[in-house]
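Engineer:
Numbering (full-length UniProt numbering), first residue to last: 1 to 131.
1) Would residue 105 be called buried (16 or more neighbouring beta carbons within 10 Å of its own) or exposed?
2) Closer than 7 Å by C-beta to residue 73: which residues in its own chain qualify, once you throw out the five before and the five after it? Chain order, please.
3) If you pair each beta-carbon of the stretch 109-119 with each one of the stretch 49-64, do three or more pairs fall below 8 Å?
4) Name the DSSP bridge partner or partners of residue 66?
5) If you reduce the DSSP assignment to three classes, tell me which class residue 123 lands in.
6) Which class does residue 76 belong to by DSSP, given the choice of helix, strand or coil?
7) List the endpoints of the continuous alpha helix (DSSP H) containing residue 88.
8) Below 7 Å CB to CB, which residues in the same chain sit around residue 50 once its five sequence neighbours on both sides are set aside?
9) Tell me whether the beta-carbon of residue 67 lies closer than 8 Å to the beta-carbon of residue 79.
10) Measuring only the C-alpha atoms, how far is residue 96 from residue 46?
11) Quick one: measure Cβ to Cβ for residue 134 and residue 63, integer angstroms, because I've assumed they're closer than 8 Å.
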């Protein structure tokens, strides 16, 4: 009886320890997944001409105050797109770089002086594409 119990214990131990490790995601897959989570999106793919702006928004602190569909501290991208047109790209780019106050309430928007005019314009074009 003791030998049978010992044999079955050994078999159970071998079976438990013999499980193959589940495939772990590769580092590139993890980074790609994290980037996809951070990219502003409504679930639809971002058009190629606006991807640079979406990437810049994901790389900066924009998501702390703005979302595509939801008002947080600042307006949603859809609210901004409804109020402004492509004729306002330069004005909105300046607001991103210099910061602003009073356009959407009393809480000021943080200045981003390290952004170039070109990068800020790409961000605005992406925001305005969310109509």
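All C-beta atoms in this analysis are idealised placements derived from N, C-alpha and C, irrespective of residue type, glycine included.
Computed from a prediction, not measured in an experiment: that's the story for all the values here.
Structural biologist: Inspection of the coordinates gives the following:
1) exposed
2) 65 and 107
3) yes
4) 71
5) helix
6) coil
7) Note, residue 88: premise wrong, no alpha helix (DSSP H); not H, not E.
8) 125, 126 and 129
9) no
10) 21 Å
11) For residue 134 there is no data in the structure shown, the boundaries of the chain being 1 and 131.
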